[in-house]
Each structure stands twice: as structure tokens, then as C-alpha cells.
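Numbering-wise (our numbering), the sequence shown opens with residue 1 and increments by one.
We put the CB at the ideal spot given by N, CA and C, even for glycine.
A short worksheet on the structure shown next.
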Amino acid sequence: MPRSRKRRAVTARPILDRYTARYPKSRELFERASKAVPRGVSHDGWFLSPFPIYIKRAEGSRKWDVDGFEYVDYIGGHGALLLGHAHPSLIEAAEAQVRQGTHFGASHELQVQWAEQVKGLVPSAEKVEFTNSGTEANILAMRVARAFTGRRKIVKFRGHFGGFADHLMVGVNPPWEVPGSAGILPCDIENTLVIPANDEKALEETLAGKDVALLMVEAAGAFSGVTGIDPTFYRTMRDLTEIYGTLLHFDEVVTGFRYAPGGVQGARSVVPDMTSLGKILTGGMPGAGALVGRDEIMDLMQFKGDDDHWNHFKRVAHTGTFNGNPLCAACGIATLKTIRDGSPQERANDIAEKLRQRMQEAIDDLGIPGCAYGEFSVFHLYFGECEMRGSCDRRICLNEDKERSLAMGRLLAMNMALHGVHTSSRGCDGFISAVHDMGDVHETADAFKLSLVALIKEGIFGTS
Ligand SMILES: Cc1ncc(COP(=O)(O)O)c(C=O)c1O
Numbered sequence: 001m002p003r004s005r006k007r008r009a010v011t012a013r014p015i016l017d018r019y020t021a022r023y024p025k026s027r028e029l030f031e032r033a034s035k036a037v038p039r040g041v042s043h044d045g046w047f048l049s050p051f052p053i054y055i056k057r058a059e060g061s062r063k064w065d066v067d068g069f070e071y072v073d074y075i076g077g078h079g080a081l082l083l084g085h086a087h088p089s090l091i092e093a094a095e096a097q098v099r100q101g102t103h104f105g106a107s108h109e110l111q112v113q114w115a116e117q118v119k120g121l122v123p124s125a126e127k128v129e130f131t132n133s134g135t136e137a138n139i140l141a142m143r144v145a146r147a148f149t150g151r152r153k154i155v156k157f158r159g160h161f162g163g164f165a166d167h168l169m170v171g172v173n174p175p176w177e178v179p180g181s182a183g184i185l186p187c188d189i190e191n192t193l194v195i196p197a198n199d200e201k202a203l204e205e206t207l208a209g210k211d212v213a214l215l216m217v218e219a220a221g222a223f224s225g226v227t228g229i230d231p232t233f234y235r236t237m238r239d240l241t242e243i244y245g246t247l248l249h250f251d252e253v254v255t256g257f258r259y260a261p262g263g264v265q266g267a268r269s270v271v272p273d274m275t276s277l278g279k280i281l282t283g284g285m286p287g288a289g290a291l292v293g294r295d296e297i298m299d300l301m302q303f304k305g306d307d308d309h310w311n312h313f314k315r316v317a318h319t320g321t322f323n324g325n326p327l328c329a330a331c332g333i334a335t336l337k338t339i340r341d342g343s344p345q346e347r348a349n350d351i352a353e354k355l356r357q358r359m360q361e362a363i364d365d366l367g368i369p370g371c372a373y374g375e376f377s378v379f380h381l382y383f384g385e386c387e388m389r390g391s392c393d394r395r396i397c398l399n400e401d402k403e404r405s406l407a408m409g410r411l412l413a414m415n416m417a418l419h420g421v422h423t424s425s426r427g428c429d430g431f432i433s434a435v436h437d438m439g440d441v442h443e444t445a446d447a448f449k450l451s452l453v454a455l456i457k458e459g460i461f462g463t464s
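So, in C-alpha cells, the structure goes:
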């Protein structure tokens with residue numbers, strides 16, 4: 001919606017009533033959870049009022065909830081499940097490795113094989129440092145960049161998300177300049193500069209200040225492409241960071257291995273100095289994270305014999321109980337083997353393209369101002385007028401000035417669930433896997449159209 005337009009209150013009682021009546025077991029679990037877990041869920045993104053759906057099991061592109069309903073899934077483990085749920089190669093690798101041991105408290109060959117595989121796929125990976133999450137990889141990236149350059153500041157683009165580290169939780173949602181959470185001190189973010197993406201002048205002016213250690217970029221743009229990056233801007237970022245001695249970092253936690261075996265950097269042919277990986281790195285097992293980069297940068301983590309000065313004052317320290325553990329390594333190796341020729345990505349991209357088309361047809365048929373867009377194996381939805389309407393290809397959205405109504409997204413997510421489709425609580429984004437098929441596309445498109453009709457009936461789009 002344009003910012004100037006007054007928002008109508010989104011209540012839609014009949015939708016809430018149907019949702020509440022349909023899922024008694026989920027409601028009960030949420031009531032129990034609320035007494036044991038803050039906010040009743042373990043991830044802010046899972047929160048849905050009055051309660052979220054509780055899932056019991058998942059396989060392929062499908063999930064089943066505790067009340068016995070089946071869903072086509074588009075959350076896909078927050079993007080981790082390119083091969084769908086419970087892929088046979090992952091089950092086999094995990095079962096075998098659990099029997100061999102899940103933590104040796106020591107090095108092992110699988111870790112070496114896994115790192116070698118990552119090196120073989122990701123263009124910027126000369127060395128691979130495993131972490132336990134994407135957030136941890138990004139924290140390490142900032143530390144390494146500051147040690148390497150001797151500089152202080154990090155630059156990030158408005159709307160880009162990099163996990164929940166204090167230094168990065170600024171500029172994710174408007175207002176851009178304030179901490180994104182209570183408990184983050186202004187001094188924690190004073191060295192994080194937030195500027196608009198795709199703006200060469202703003203970037204050059206900021207880097208020219210010369211105290212910038214790192215430009216940290218969500219590789220496909222804000223929230224995996226909700227607002228994208230102009231393909232020509234990758235070269236601009238590479239050139240300007242080189243000129244001003246700033247390290248270029250791609251956060252490929254979501255896009256790594258998904259957009260292409262080599263991630264966005266493989267698809268766009270621009271090699272950053274460092275990259276954070278996560279999610280698909282372990283095929284969906286918890287503990288997915290790695291920072292990869294150029295030898296001379298990553299080698300800051302080397303121990304140097306009895307060079308005490310280096311070891312105490314120059315070396316970058318990094319620990320983590322589960323870094324590169326054998327279970328994650330075994331699962332990661334199995335997954336990367338399956339996806340390295342790019343064919344699963346092509347299948348997922350193809351299905352995603354068809355799904356976006358069908359969603360757009362539904363939007364157009366119903367006469368709602370809006371857009372189904374995205375690249376590779378994601379979809380995004382935007383409802384409202386857009387000044388770029390008609391002049392964009394509905395792949396990369398460069399319109400930063402679009403506000404997505406959370407209340408509307410929540411009602412869409414509930415309606416989609418009522419029609420057998422599980423999307424995130426924000427309702428307007430989804431990940432497609434290599435095992436989604438045309439049956440899923442047809443079911444989803446029908447569910448989407450019925451959901452929009454229900455929202456229209458409730459006057460959500462200002463029509464009835
Ligand atoms: C782009 C991006 N970076 C970093 C993260 C943080 O990764 P993790 O949740 O593994 O800490 C996420 C999580 O969704 C992400 O989307």
C-alpha cells in the first residue's frame with residue numbers, strides 16, 4: 001500500500017472463527033506452550049495470533065498437522081529444504097552417522113570432505129570455517145573483517161536481514177536507524193551504517209569515509225528478494241569495495257546452493273571476499289553455518305607456532321561446540337552431492353516460475369492490485385499499487401517503498417492453511433523445493449484464489 005493511504009482495521013472475524021474452530025489440538029498445544037515457552041513459539045517468525053498450527057510430520061513437499069490436516073509446504077525449513085522434507089539421502093546419511101557417533105570432540109575426515117565439497121561449489125570459498133548457524137557465520141564475518149582491515153564500521157543495506165546478532169539488528173525494518181530489538185544498546189549499532197541498496201552514490205560516499213571494514217549484503221536482496229538487487233549493482237559493489245579497501249561479504253545463508261550450486265555469486269558471476277552459508281549446507285539438519293572466503297583473510301584464524309604476539313593480538317579466535325560435527329558433515333556431504341549438478345535447482349526454479357504465474361493470474365482475475373514475483377525457487381507477494389507496475393518483469397523487485405501489511409499477510413496465511421497450504425505467518429513469501437510438482441502448483445493456485453476471494457469478502461482489499 002502507498003504509505004499515505006490510511007489503513008483499514010483488519011479483523012475478519014469469520015476467518016478467525018473458522019481457523020479457531022478447525023484446529024482445536026493446535027490451539028491446546030499453543031495454550032500449553034505459552035506456559036513453558038516465551039510467546040508460545042521458539043522463533044519470532046512462527047508467531048501467529050490467535051495461535052499457529054502445530055505440525056506432526058513432514059515428507060517431500062507435504063506436512064501434516066496435529067489435527068490431521070495435510071498441507072503443501074512453502075516454508076521449507078526457512079529455505080533449508082531444497083530437497084524437500086525427509087529426503088531419502090538425508091535419512092540414510094543421518095541414520096548411519098548417528099550409529100558412528102555424533103560428536104568426537106576431535107577432528108575427523110568427514111569435516112575435510114565437507115569443506116572440500118563447499119570449496120568445489122562456492123566461488124569465494126578458498127577456506128571454509130564451520131559455525132553452528134547463519135547468525136554465527138555473520139558474527140564471525142564482522143570480526144574477521146575488522147581484524148583484516150583494522151577498520152571499525154560495517155555497512156549494510158536497508159531491509160537486509162543477517163540473523164539476530166546485535167550489530168546486525170538495525171535497518172532490517174523501518175524505522176531504519178533504531179535498534180531492531182529491546183536490549184540492543186545504541187553503542188552496539190553505532191558502527192553499523194545503513195544505506196539504501198542499489199544506490200551507487202550513497203555507497204561510494206559511505207565507503208569513501210574509509211573506516212568501513214565490511215559491506216555485508218543479503219545476496220539476493222532484502223529478505224531473499226522481497227526487494228532485490230539490480231543485477232548491474234553487483235559489479236558496482238565489487239568495484240567500489242576494491243577501490244576503497246572494504247571487504248565485500250555476501251550473506252548466502254538462504255541463497256547458497258539454492259539459486260545455483262554456487263549460490264547468487266555463481267549465478268551473477270561476482271565473487272565476494274567472504275560469504276556466509278547456512279540452511280542447505282547441512283541439508284536441513286540443525287547446526288548449518290559456515291564462513292568461507294579468500295585464503296589471506298580466512299588465514300587470520302591460523303595459529304602461528306610460538307609467535308605469542310600473533311596468537312594473542314593478531315589472530316581471530318573462533319570456537320563452537322558443534323562446529324563441523326560429524327552428523328552435520330555426513331548430512332551436508334549427502335545433500336551437496338545430490339544438488340551439485342544443478343538439476344534439483346532447475347526443477348525447483350521451473351515449478352516456482354509456474355506457481356508465480358498461476359498466482360499472478362489469480363490476482364489479475366480478481367482485479368486486485370498486486371504482484372506475484374521472484375526469481376529462482378522463491379515467490380513473493382505484494383498487494384497494493386506500485387509505481388513500477390507494467391515496467392518490471394516481476395522477477396527482481398527494486399521498489400523499496402512498498403509496505404506489506406502484516407495483518408493482511410496473517411489473514412492470507414490463515415486462509416491458505418484453511419485450504420491446505422502452509423506459508424510463513426507473514427503470508428507473502430514461500431520457498432519451493434525440487435520435489436514440489438505440478439499437482440502442488442494447481443492445489444496451491446486454487447487455494448490462493450479461494451483465499452483471496454475470502455479476503456475480498458471481508459473487505460480486506462477495500463472491495464466486496
Ligand atoms: C539472509 C539470512 N542471513 C542469516 C540468517 C540467520 O541464520 P540462522 O537462523 O541460521 O542463524 C538468516 C535466517 O533466516 C537469513 O535469512
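Can you find the residues in the same chain that come closer than 7 Å, C-beta to C-beta, to residue i, ignoring five residues on each side of it along the sequence?
i       : result
Lys-6   : Model confidence at Lys-6 stands at a pLDDT of 46, short of 50, so the residue's coordinates are unreliable; what they give is reported in the following sentence. For Lys-6, where only same-chain residues beyond five positions count, there are no Cβ hits under 7 Å.
Gly-320 : Thr-131, Asn-132, Glu-136
Arg-143 : Val-316
Go through its chain and collect everything with a Cβ distance to residue i's Cβ below 8 Å, but skip five positions before and after it.
i       : result
Leu-207 : Val-155, Leu-215, Leu-240, Thr-241, Ile-243, Tyr-244, Thr-246
Arg-356 : Ala-372, Tyr-373, Gly-374, Phe-379, Arg-394
Glu-361 : Ala-445
Count the other CB atoms within 10 Å of the CB of residue i; is the residue buried (16 or more) or exposed (fewer)?
i       : result
His-103 : exposed
Gly-150 : exposed
Ala-406 : Just to set this straight, residue 406 is Leu in the shown sequence, not Ala. Leu-406 is exposed by the Cβ-count criterion.
Asp-273 : buried
Phe-303 : exposed
Arg-158 : buried
His-160 : buried
Phe-233 : buried
Glu-70  : exposed
Ile-229 : buried
Gly-278 : buried
Ile-91  : exposed
Phe-470 : Beyond the ends of the chain as shown, which are 1 and 464, falls residue 470; an answer cannot be given.
His-87  : buried
Arg-389 : exposed
Glu-190 : exposed
Ala-348 : buried
Pro-326 : buried
What is the DSSP secondary structure of residue i, reduced to helix, strand or coil?
i       : result
Cys-397 : coil
Asp-308 : helix
His-85  : strand
Leu-247 : strand
Val-453 : helix
Tyr-382 : strand
Ala-125 : coil
Ile-351 : helix
Val-441 : helix
Gly-160 : As written in the sequence, residue 160 is His, which differs from the Gly given in the question. Here His-160 sits in coil by DSSP.
Ser-464 : Below a pLDDT of 50, predicted positions are generally treated as unreliable, and Ser-464, at 46, falls in that range; no measurement from the model is reported.
Val-118 : helix
Asp-230 : coil
Ile-363 : helix
Val-421 : strand
Within a Cβ cutoff of 6 Å, which residues of the same chain sit near residue i, ignoring the five residues on either side of it in sequence?
i       : result
Ile-55  : Lys-63, Asp-65
Ala-115 : Val-128
Cys-328 : Thr-282, Met-285, Gly-287
Val-270 : Tyr-234, Arg-238
Which residue spans inside the segment 168-226 form an unbroken alpha helix (DSSP H) run of at least 4?
Counting only runs of at least 4 residues, the segment 168-226 fully encloses the following alpha helix (DSSP H) elements, listed from N- to C-terminal order: 186-189, 200-207, 222-225.
Just to confirm the assignment: which complete beta strand (DSSP E) runs, minimum length 3, are found wholly within the segment 31-73?
Counting whole runs of 3 or more residues, the segment 31-73 contains the beta strand (DSSP E) stretches 55-59, 62-65, 70-73.
Within the segment 256-342, note down every full beta strand (DSSP E) run reaching 3 residues or more, in order along the chain.
Within the segment 256-342, the complete beta strand (DSSP E) runs of at least 3 residues are 274-278, 289-293.
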